[in-house]
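**Student:** In the numbering used here, the protein residues as written are 26 to 91.
We put the CB at the ideal spot given by N, CA and C, even for glycine.
Keep in mind that this is a model prediction, so the values were computed, not measured.
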Amino acid sequence: MKTPSRANKGWYWLLLIPFIGTLFPSFYAFQAPALFGFPFFYWYQMLWVLISAALTGIVYRATRDA
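1. In chain order, what residues of the same chain have a beta carbon less than 8 angstroms from the beta carbon of L80, not counting five sequence neighbours either side?
2. My guess is that P58 and F65 are in contact by the Cβ rule of under 8 angstroms, so how many angstroms apart are they, rounded?
3. Just list the residues that DSSP pairs L60 with in beta bridges.
4. Starting from the C-beta of F55, find all residues in its chain whose C-beta is less than 6 angstroms away, skip the five residues before and the five after it, and write them out in chain order.
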């Protein structure tokens with residue numbers, strides 16, 4: 026297994042975005058705006074699950090060995 030090159034290590038910074046987006050619940054702990062009857066708190070977190078999966082896939086593809 027090769028260690029990632031310096032250029033590839035930069036991609037790992039993308040994995041911090043979901044962490045920062047959900048770090049402080051007091052910033053998104055609201056009822057409104059609701060989406061399909063779900064309070065903002067719940068659909069905001071579920072949106073981050075999808076964003077996290079997409080970012081993880083992007084980082085994986087960018088850093089995997091050729």
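**Tutor:** Once the coordinates are examined:
1. Setting aside the 5 residues that flank it on each side, L80 is surrounded in the same chain by L39, L40, I42 and P43, each with a C-beta closer than 8 angstroms to its C-beta; the list follows chain order.
2. Contact holds; Cβ gap of about 6 angstroms.
3. L60 is bridged to F63.
4. The residues F65, in chain order, have a CB closer than 6 angstroms to that of F55 in the same chain once the five nearest residues on each side in sequence are set aside.
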